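Let me begin by presenting the structure, written as structure tokens, before commenting on it.
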Amino acid sequence: MSSPSKLIVHSQTTPLQGAITVPGDKSISHRAVLLAALADGVSVIRNWLPAGDTLATLEVVRALGVSVEMDEHHPNSWDLRVDGRGLRGLRRPAGPLNCRNAGTAIRLLAGVMAGQSFPSVLDGSEQLRKRPMGRVTEPLQQMGADIKADNGHAPLHLRPAPLHGLAYRLPVASAQVKSALLLAGLYTAEGVRVHQPGPARDHTERMLMAMGAVVTTQDGWVTLSDEPFGGRRLLPLDMTVPGDFSSAAFPLVAAAIVPHSQITIRGVGLNETRIGLLQVLRAMGADVRVGNQQMTGGELAADLSVGFAELHAVDVDGPTVVRAIDEFPVWAVAATQAAGRSTVRDAAELRVKEVDRIAVLVGELRRLSAQLDEHEDGFTVHGPTRLRGASVDSHDDHRLGMALAVAGLAATEPTIIHDAACVADSFPGFVETMRQLGAAMEWVEPI
Ligand code: S3P
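Going by numbering that gives the first Met the number 0, the first residue of the sequence shown is number 0, and it counts up by one from there.
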């Protein structure tokens, strides 16, 4: 999804204003198409996110023999009809399953493919092949799975093997690993129990429950029960995916740092396990209001209104980190405009995201004259700084690319972001959406 392309961002001299929506939630979109494929019957999924990462999951599901029809009534919001084949109805794929850059796709699929009666290979881009897979292959092996990684990395080779129950303590609070084990648990008689050291996102649990499975959470243990819910059949989904809070984070921070801005983002998912940034921004003095709350597909959604404010520094650590894990690139930009020293700790996980998000973020923001110190498990930002426009690089990391674009708005000269097409891995239409608010950014090369 990431053909080389340049994004130019100008110094923002006018306030950001207006109301926008952001595309559907990426985590929920991956899960919805994958779980719908395993259901008995036709699922309807509205406002599904057609981004680089989620399209990888959709194509894998099709390669497994599942029919997916889509109504592409809007380029960034599709309605899907997925003809589920049941837990045991997937077809042997013709070749390796390509998860592209999507960590969520490969790790969740590892759990599903471990339970199949045919062999498969899960693979992806060079970037994905660098990310750690032992965290998912090791507990799956403990469940009886025949899964082999290449020295802890993709490609993953799976062969049929009977799975059994497991009680497993996750060493890191990873929703992808938790989800893989819950999905593999669907193929056991005993179910599965997973302990999470922190509150990792719970979309898989919510969706499985909506589909009739029995999932409970107590004292950090998430349990997929051994109760044979409907003879181990998943009911089809009928849901609307809420807007992605992790995408909303970019206009949210942009409005908080561009003087006199006032914007509204409608229909944003506000799952408790995802909104650490909201609490952190409020603690920094940002004026964020929540209105028009509603439930959609078992998830809370609402309109967010945010305006410019004089921000001050805060420290972030402990359980807040996992609830804001994808938002640190853009939070760092907010911190460059906040008075004082902001530090994030307990965030070593950032080093194994799409790229080493600590090293790369610190390096690229320094090019814009931000002052940061790097720590093994986080970083410190010294603010406020007058950012200076410069040439920077996304390193093929969508969230880094968008964070740099937000930083560019607060810089005194134009900022050029190289290799920026990757923003569409999670937020297709990012530039158009920001321009709706009056943001001064444009593609230099057509994508
Ligand atoms: C995700 C879980 C998180 C997050 C990623 C999406 C998911 O990763 O960073 O962007 O959809 O389950 P980890 O599970 O590795 O923490």
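Where is the CB? At the ideal position from N, CA and C, for every residue including glycine. These numbers come from a predicted model, not from an experiment.
Comparing the C-beta of I324 with each C-beta of chain B, is any distance below 9 angstroms?
Absent from the structure: chain B. Only one protein chain is present.
Report the rounded CA-to-CA distance for R365 versus V313, giving the unit in angstroms.
Walking along the sequence shown from the start, residue 365 turns up at place 366. Walking along the sequence shown from the start, residue 313 turns up at place 314. Taking the straight line from one Cα to the other gives about 20 angstroms.
Please work out which residues of its chain come closer than 7 angstroms, Cβ to Cβ, to L349, disregarding the five sequence neighbours upstream and downstream, and give them in chain order.
Mapped onto the sequence shown, residue 349 falls at position 350. The answer, listed in chain order, is F327, R356, I357.
Which residues end up in the neighbourhood of the ligand S3P when you take C-beta atoms closer than 5 angstroms to any of its heavy atoms?
S26, T103, S173, A174, Q175, I324, D325
Endpoints, the beta strand (DSSP E) within which Q140 is located:
Counted from its first residue, the sequence shown places residue 140 at position 141. That residue, Q140, is in no beta strand (DSSP E); its alpha helix (DSSP H) goes 133-141.
Identify whether V21 lies in helix, strand or coil by the three-state DSSP scheme.
Against the sequence shown, residue 21 aligns to sequence position 22. Coil, per DSSP.
Own chain, CB closer than 8 angstroms to A153, minus 5 neighbours either side, in chain order
On the sequence shown, residue 153 is found 154 positions in, with the first residue counted as 1. Around A153: C98, I105, L121, D122, G123, L127, R128, R130, M132.
4-residue-minimum alpha helix (DSSP H) runs that sit fully inside the stretch 251-326, ordered along the chain
275-282, 319-322
Secondary structure of S76, DSSP reduced to three states:
Working through the sequence shown from its first residue, we reach residue 76 at position 77. Strand at S76.
From R45 to L96, what distance separates their C-alpha atoms?
Residue 45 sits at position 46 when you count from the first residue of the sequence shown. Residue 96 sits at position 97 when you count from the first residue of the sequence shown. When rounded, the distance between both Cα atoms is 25 angstroms.
Could you work out which residue in L360, L367, R385, V391 is closest to G377 when comparing CA atoms only?
Translated into the one-based positions of the sequence shown, residue 377 becomes position 378. Taking only the C-alpha atoms, the option nearest G377 is L360.
What do you get for R322, buried or exposed, if any count of 16 or more other CB atoms within 10 angstroms of its CB means buried?
Taking the sequence shown and counting its residues from 1, one reaches residue 322 at position 323. Its Cβ being crowded by 16 or more others within 10 Å, R322 is buried.
Report yes if the C-beta distance between R398 and S260 is below 9 angstroms; otherwise report no.
Taking the first residue of the sequence shown as 1, we reach residue 398 at position 399. Taking the first residue of the sequence shown as 1, we reach residue 260 at position 261. Not a contact, by the Cβ cut-off of 9 angstroms.
Once you ignore the five residues that flank E204 on each side, which residues in its own chain have a CB closer than 8 angstroms to its CB?
Position 205 of the sequence shown, counted from the first residue, corresponds to residue 204. Correct list, in chain order: L181, V214, T216, V221.
Would you say A179 and G110 are within 9 angstroms of each other, going by their C-beta atoms?
Residue 179 sits at position 180 when you count from the first residue of the sequence shown. Residue 110 sits at position 111 when you count from the first residue of the sequence shown. Against a cut-off of 9 angstroms, the Cβ pair of G110 and A179 comes out as a contact.
For L48 and E441, the rounded distance between their alpha carbons:
In the sequence shown, counting from the first residue as 1, residue 441 sits at position 442. In the sequence shown, counting from the first residue as 1, residue 48 sits at position 49. Cα to Cα, E441 sits roughly 22 angstroms from L48.
Just to check my reading of the structure: A369 and G388 have Cβ atoms closer than 8 angstroms, yes? What is that Cβ distance to the nearest angstrom?
What you label residue 369 is simply residue 370 of the sequence shown in a count that begins at 1. What you label residue 388 is simply residue 389 of the sequence shown in a count that begins at 1. Rounded, the Cβ-Cβ distance is 12 angstroms, inconsistent with contact.
By alpha-carbon positions, which one of R192, V380, E137, A18 ends up nearest to I262?
Numbered from its first residue, the sequence shown carries residue 262 at position 263. Nearest C-alpha to I262: A18.
Classify E68 as buried or exposed, calling it buried when 16 or more other Cβ atoms lie within 10 Å of its own Cβ.
The sequence position of residue 68 within the sequence shown is 69, counting from 1. So E68 ends up on the exposed side.
Exposed or buried, D395, counting other C-beta atoms within 10 Å across all chains shown (16 or more means buried)?
Within the sequence shown, the letter at position 396 stands for residue 395. Looking at its Cβ environment, which holds 16 or more other Cβ atoms inside 10 Å, D395 is buried.
Write down the C-beta distance between L169 and P196 rounded to the nearest angstrom, noting that I regard them as a contact closer than 8 angstroms.
Your numbering for residue 169 matches position 170 in the sequence shown. Your numbering for residue 196 matches position 197 in the sequence shown. Right, the Cβ-Cβ distance comes to about 6 angstroms (below 8 angstroms), so this counts as a contact.
When DSSP labels each residue in this structure, what does S42 get in the three-state scheme?
Sequence index remark: in the sequence shown, residue 42 carries index 43 (1-based). In this structure, S42 counts as strand in the three-state DSSP scheme.
What is the DSSP secondary structure of T222, counted as helix, strand or coil?
The residue given as residue 222 occupies position 223 in the sequence shown. DSSP places T222 in strand when its eight states are reduced to three.
Which residues share a DSSP beta bridge with K147?
Within the sequence shown, residue 147 is the residue found at index 148, counting from 1. Partner(s): H156.
Rounding to the nearest angstrom, what Cα-Cα distance links P14 and L6 in this structure?
Here residue 14 refers to the residue found at position 15 when the sequence shown is read from its first residue. Here residue 6 refers to the residue found at position 7 when the sequence shown is read from its first residue. Spanning the two alpha carbons is a distance of roughly 20 angstroms.
Rounded to the nearest angstrom, what separates V8 and D145 at their Cα positions?
As a working note, residue 8 is residue 9 in the sequence shown. As a working note, residue 145 is residue 146 in the sequence shown. Going by the C-alpha atoms only, they are around 49 angstroms apart.
Using only alpha-carbon positions, find the residue among A338, D392, H374, A423 that is nearest to P383.
Within the sequence shown, residue 383 is the residue found at index 384, counting from 1. The option with the nearest alpha carbon to P383 is A338.
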